[in-house]
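Peer 1:
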Amino acid sequence: LGHSCATEKLICDGERVYLPKFYHAEVEVARRVAELLAEPPGKEIHFAMAESLFNLACRELGVQYTDEQREAIIGALSGKMLIITGGPGTGKTTIVRAILFGAKQLKWGVELAAPTGRAAKRLSETTGHPARTIHRLLGFNPGIGRFEHNPDNPLDADLVILDEVSMVDLELFLSFLRALKPRTRLVLVGDADQLPSVGPGAVLSDLIRSKKIPVVRLTKILRQDEHGLIVSNAHRILRGQMPIIRNDPQDDFFFSRQEDPIAAQNLIADLVCERIPHRFGFDPVEDIQVITPMHKGRCGARELNKILRERLNPLAATTDFPFAPGDKVMQTANNYDLGVFNGEIGRVAEIDPDSARIVVEYDFGRVVYDRMYWDQLQLAYAVTVHKSQGSEYPAVVMPILTEHYIMLTRNLLYTAVTRAKKLIVLVGTHKALAIAVRNNRQMERYTALAERIKEVEGEGQNSSSDNFGLE
Numbered sequence: 018l019g020h021s022c023a024t025e026k027l028i029c030d031g032e033r034v035y036l037p038k039f040y041h042a043e044v045e046v047a048r049r050v051a052e053l054l055a056e057p058p059g060k061e062i063h064f065a066m067a068e069s070l071f072n073l074a075c076r077e078l079g080v081q082y083t084d085e086q087r088e089a090i091i092g093a094l095s096g097k098m099l100i101i102t103g104g105p106g107t108g109k110t111t112i113v114r115a116i117l118f119g120a121k122q123l124k125w126g127v128e129l130a131a132p133t134g135r136a137a138k139r140l141s142e143t144t145g146h147p148a149r150t151i152h153r154l155l156g157f158n159p160g161i162g163r164f165e166h167n168p169d170n171p172l173d174a175d176l177v178i179l180d181e182v183s184m185v186d187l188e189l190f191l192s193f194l195r196a197l198k199p200r201t202r203l204v205l206v207g208d209a210d211q212l213p214s215v216g217p218g219a220v221l222s223d224l225i226r227s228k229k230i231p232v233v234r235l236t237k238i239l240r241q242d243e244h245g246l247i248v249s250n251a252h253r254i255l256r257g258q259m260p261i262i263r264n265d266p267q268d269d270f271f272f273s274r275q276e277d278p279i280a281a282q283n284l285i286a287d288l289v290c291e292r293i294p295h296r297f298g299f300d301p302v303e304d305i306q307v308i309t310p311m312h313k314g315r316c317g318a319r320e321l322n323k324i325l326r327e328r329l330n331p332l333a334a335t336t337d338f339p340f341a342p343g344d345k346v347m348q349t350a351n352n353y354d355l356g357v358f359n360g361e362i363g364r365v366a367e368i369d370p371d372s373a374r375i376v377v378e379y380d381f382g383r384v385v386y387d388r389m390y391w392d393q394l395q396l397a398y399a400v401t402v403h404k405s406q407g408s409e410y411p412a413v414v415m416p417i418l419t420e421h422y423i424m425l426t427r428n429l430l431y432t433a434v435t436r437a438k439k440l441i442v443l444v445g446t447h448k449a450l451a452i453a454v455r456n457n458r459q460m461e462r463y464t465a466l467a468e469r470i471k472e473v474e475g476e477g478q479n480s481s482s483d484n485f486g487l488e
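Just so we're aligned, residue 18 is where the sequence shown starts under this note's numbering, counting upward by one.
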């Protein structure tokens, strides 16, 4: 270890040991956050003006906002940088709509972004404002091998709103910060209780822990009805309580007890291919997503993909290619040459055996894969919980069995449940469900970003206690 540090293969910083690129990224993110906080916003407005815009939004949008929402809306319009965190049904989207309304009255240039294509599409649909993935917002240029928007060519925006920040890893967040003008307002929206990003770092939780950025925590559940158990059960899970399971035909949250993994596997296939489509009218490929804790095991993503593919795409048995027309697939790496990024889900549209090319149809258009890129695609009839982050689906089916015990944690279960918009069916055992609910072990990320932000920002006033003058 000492030799590696001496030769700069690793960087030793006190008791911490880093790969050089992650050390430098962490240090630069801390510096850029501190610089953003130090600069006043480009188009400064007084608290009274922000409050007037809030009152106008109440009237024009016809919404009665909670005190938490009011704090977030006024804080976003009058402040420089704000974090809004809350679980499902707490009104994050309603807040973003009001912020956009206020920004429109002020004639601000606004950019909306999210980590994945599905998250960006959902953000655009729910707010009525165009939203892009972070990669497309920053504009990667394969010719020069970097983002077009950077410190030399920053984004031309008065306000940037970034959604699903819990998914954003350290390196992508650094590229994002580099593309901001020093006086751009920044609003970060996310759910700090979800799983951390697949990539390195724990950006959202570290920013909150730094206590240097104003934070509004949304705790009041607003989206709920008599038979709507998804939202209330998500919050019960978060509190360490077992979900309410009634299996009432009108409910949206169901549990089917299956002790045997093979029986669970068969039931999941029946639910996806026949029962749920017949009962609820959901398309088995477009609307229903199987989410599983692991790749391995009888009810892991690999095995379930094989079984679901056989039932949902019989064409697959007639081809020697790894994929067949109609297959549901996921991109598993950022591919800047093709302009498609990790987590994007699409359908195989065409296969050309002569040229060994696969054409995949995504929400944003078609992508042609030469053989060299085939390994970046995987079947997506079933995906892991980690890969489902940032996406929502009309219906979710999730195996929860003790064969996955090593992954059964509270925030993994919470993340899975909150992917479902209209229906979720858990298949497995009460024992496995109880293990997940009780296991509050966090996925530990050994980062120092929060401490570095404190050090760089100095011993100034603690910003997280800023109440925007609302008391």
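Glycine included, every Cβ here is placed at the ideal spot set by N, Cα and C.
What is the C-beta distance between residue 203 and residue 53, in whole angstroms, given that I count them as a contact (C-beta under 8 Å)?
Peer 2: For the purposes of this step, residue 203 is taken as residue 186 along the sequence shown, with counting starting at 1. For the purposes of this step, residue 53 is taken as residue 36 along the sequence shown, with counting starting at 1. Yes, residue 203 and residue 53 are in contact; Cβ-Cβ is about 6 Å, under 8 Å.
Peer 1: Three or more beta-carbon pairs under 8 Å between the stretch 297 to 315 and the stretch 433 to 450, yes or no?
Peer 2: Yes, they touch.
Peer 1: Output yes or no for whether 9 Å exceeds the beta carbon distance between residue 104 and residue 435.
Peer 2: Along the sequence shown, read from residue 1 onward, the residue named residue 104 stands at position 87. Along the sequence shown, read from residue 1 onward, the residue named residue 435 stands at position 418. Yes, Cβ-Cβ distance for residue 104 and residue 435 is below 9 Å.
Peer 1: Provide the residue(s) that pair with residue 2 in DSSP beta bridges, ordered along the chain.
Peer 2: This structure leaves residue 2 out entirely; the chain is present only between 18 and 488.
Peer 1: Please check if any C-beta of chain C sits within less than 9 Å of the C-beta of residue 225.
Peer 2: You won't find chain C in this structure, because it holds only one protein chain.
Peer 1: Which of the three DSSP states is assigned to residue 33 in this structure?
Peer 2: For this step, residue 33 is matched to residue 16 along the sequence shown. In the structure shown, residue 33 sits in a strand (DSSP, three-state: E or B).
Peer 1: Out of 456, 219, 98 and 167, state which residue places its alpha-carbon closest to the alpha-carbon of residue 463.
Peer 2: Reading the sequence shown from its first residue, position 446 is the one you call residue 463. Out of 456, 219, 98 and 167, 219 has the C-alpha closest to the C-alpha of residue 463.
Peer 1: Could you compute how far the alpha carbon of residue 424 sits from the alpha carbon of residue 96?
Peer 2: Along the sequence shown, one-based indexing puts residue 424 at 407. Along the sequence shown, one-based indexing puts residue 96 at 79. Using only the alpha carbons, I get a separation of about 40 Å.
Peer 1: Whose C-alpha, out of 451, 110, 315 and 276, is nearest the C-alpha of residue 255?
Peer 2: Here residue 255 refers to the residue found at position 238 when the sequence shown is read from its first residue. Ranking 451, 110, 315 and 276 by Cα distance to residue 255 puts 451 first.
Peer 1: Measure the C-alpha to C-alpha separation of residue 325 and residue 385 and round it to an integer number of angstroms.
Peer 2: Translated into the one-based positions of the sequence shown, residue 325 becomes position 308. Translated into the one-based positions of the sequence shown, residue 385 becomes position 368. Their Cα atoms are separated by approximately 25 Å.
Peer 1: Mind checking whether residue 388 and residue 378 have CB atoms under 9 Å apart?
Peer 2: Stepping through the sequence shown from its first residue, residue 388 is reached at position 371. Stepping through the sequence shown from its first residue, residue 378 is reached at position 361. Cβ atoms of residue 388 and residue 378: not closer than 9 Å.
Peer 1: Mind the definition here: the stretch 73 to 86 touches the stretch 26 to 42 only if three or more C-beta pairs lie below 8 Å; say whether that holds.
Peer 2: At 8 Å Cβ cutoff, the stretches do not touch.
Peer 1: Given residue 70, which residues of its chain have a CB within under 7 Å of its CB, disregarding the five upstream and five downstream residues?
Peer 2: As a working mapping, residue 70 is identified with position 53 in the sequence shown. Here the set comprises 94, 119 and 122.
Peer 1: Would you kindly report the start and end of the unbroken alpha helix (DSSP H) that includes residue 419?
Peer 2: Mapped onto the sequence shown, residue 419 falls at position 402. Unbroken run through residue 419: none, as it is neither H nor E.
Peer 1: Residue 383 bridges to which residues according to DSSP?
Peer 2: As a working mapping, residue 383 is identified with position 366 in the sequence shown. DSSP, once it has assigned bridges, lists 378 as partnering residue 383.
Peer 1: Going by other Cβ atoms of all chains shown within 10 Å of its Cβ, with 16 needed for buried, is residue 17 buried or exposed?
Peer 2: The first residue shown for the chain is 18 and the last is 488, placing residue 17 beyond what the model contains.
Peer 1: Report, in whole angstroms, the separation of the C-beta atoms of residue 130 and residue 150, which I expect to be a contact under 8 Å.
Peer 2: Within the sequence shown, residue 130 is the residue found at index 113, counting from 1. Within the sequence shown, residue 150 is the residue found at index 133, counting from 1. Right, their Cβ atoms sit about 7 Å apart.
Peer 1: Can you tell me which of the three DSSP states residue 262 falls into?
Peer 2: Translated into the one-based positions of the sequence shown, residue 262 becomes position 245. Three-state result, residue 262: coil.
Peer 1: In the DSSP output, which residue or residues are listed as bridge partners for residue 52?
Peer 2: The residue labelled residue 52 in the question sits at position 35 within the sequence shown. Partner(s): none; residue 52 has no beta bridge.
Peer 1: For the pair the stretch 162 to 179 and the stretch 247 to 264, tell me if three or more CB-CB distances fall below 8 Å.
Peer 2: No: fewer than three Cβ pairs fall under 8 Å.
Peer 1: Whole angstroms is fine: what's the gap from residue 428's alpha carbon to residue 413's?
Peer 2: As a working note, residue 428 is residue 411 in the sequence shown. As a working note, residue 413 is residue 396 in the sequence shown. Approximately 17 Å, taken between the alpha carbons.
Peer 1: Can you tell me whether residue 437 is helix, strand or coil according to DSSP?
Peer 2: Residue numbering aside, residue 437 sits at position 420 when the sequence shown is read from its first letter. Correct three-state label for residue 437: strand.
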